[in-house]
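In my numbering, the protein residues as written are 1 to 272. The beta-carbon is built from N, C-alpha and C at its ideal position, and this holds for glycine as well. This one's a predicted model, so the numbers in the text were calculated from it and none came from an experiment. The structure under discussion appears below in the form of structure tokens.
Encoded structure:
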């Protein structure tokens with residue numbers, strides 16, 4: 001399942017591929033997808049992306065010119081930007097291909113104005129992913145672990161009285177209200193490296209930490225495997241051996257496994 005670093009890489013991929021590219025026409029959804037239509041049609045627009053935790057937001061921005069203004073007056077062309085917020089589920093990612101190379105499981109497509117057309121597509125084999133047109137960041141998700149580090153830390157440490165922290169630390173790390181962006185592989189690595197037993201009470205682990213911290217967001221970001229092209233979710237590369245070498249605990253030979261109370265497999269070493 002894609003986690004915070006993979007969502008960040010996805011936003012970087014979109015910005016790199018779509019830089020200077022003009023898109024045109026309607027946004028098309030596959031017939032099998034149960035996600036909503038994206039009611040956006042424009043003669044010329046650009047796409048940019050940002051990530052926050054386990055969400056990616058695409059911003060579709062019309063490119064204004066005199067001819068476009070005339071067309072919009074006659075038809076149903078949009079003249080305001082639209083944000084489309086994506087959650088990747090188990091297998092979501094973006095691809096940028098020629099129209100004749102469209103992936104089998106492409107469920108939302110943005111077509112370029114040029115000929116032959118190219119397509120930015122959201123691909124999701126297992127179809128657990130979702131998107132929200134005119135979307136916003138989900139309000140019940142906490143600050144991003146990578147890019148809002150100080151707010152993230154404050155949100156956790158000022159709410160330790162919440163009953164959520166009665167649970168084992170390995171389960172609380174998956175609570176997106178407090179740890180937006182952390183999933184199965186990150187929680188294993190986070191607990192393994194400082195040798196924290198995964199099934200001890202989260203409050204006992206966290207309550208001794210100071211509210212203020214000297215780390216800045218750049219330092220924190222460098223701790224995550226964003227340069228390793230994580231977990232095979234890099235659309236440009238199928239080789240993710242560098243990422244596998246970065247892992248010290250998750251799916252590593254010799255480590256123990258145990259299911260948590262939610263049925264998720266926890267990788268660890270030593271006593272649980």
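Helix, strand or coil for residue i, going by three-state DSSP, please let me know.
| i | result |
| --- | --- |
| residue 101 | helix |
| residue 62 | strand |
| residue 25 | strand |
| residue 55 | strand |
| residue 88 | coil |
Verify whether the separation of the beta carbon atoms of residue i and residue j is less than 8 Å.
| i | j | result |
| --- | --- | --- |
| residue 102 | residue 56 | no |
| residue 88 | residue 129 | yes |
| residue 86 | residue 58 | yes |
| residue 165 | residue 203 | yes |
| residue 38 | residue 27 | yes |
| residue 178 | residue 142 | yes |
| residue 184 | residue 264 | yes |
| residue 15 | residue 49 | yes |
Tell me which residue opens and which closes the alpha helix (DSSP H) that residue i is part of.
| i | result |
| --- | --- |
| residue 152 | 149-157 |
| residue 246 | 241-246 |
| residue 188 | 184-192 |
| residue 47 | Per DSSP, residue 47 belongs to no alpha helix (DSSP H); it is in the beta strand (DSSP E), 41-52. |
| residue 12 | 4-18 |
Straight-line CA distance for residue i to residue j?
| i | j | result |
| --- | --- | --- |
| residue 134 | residue 3 | 23 Å |
| residue 93 | residue 100 | 19 Å |
| residue 210 | residue 159 | 13 Å |
| residue 156 | residue 112 | 43 Å |
| residue 182 | residue 173 | 7 Å |
| residue 240 | residue 246 | 10 Å |
| residue 195 | residue 163 | 24 Å |
| residue 115 | residue 9 | 28 Å |
| residue 47 | residue 79 | 14 Å |
What first and last residue would you give for the beta strand (DSSP E) that runs through residue i?
| i | result |
| --- | --- |
| residue 269 | From DSSP, residue 269 is part of no beta strand (DSSP E); its letter is neither H nor E. |
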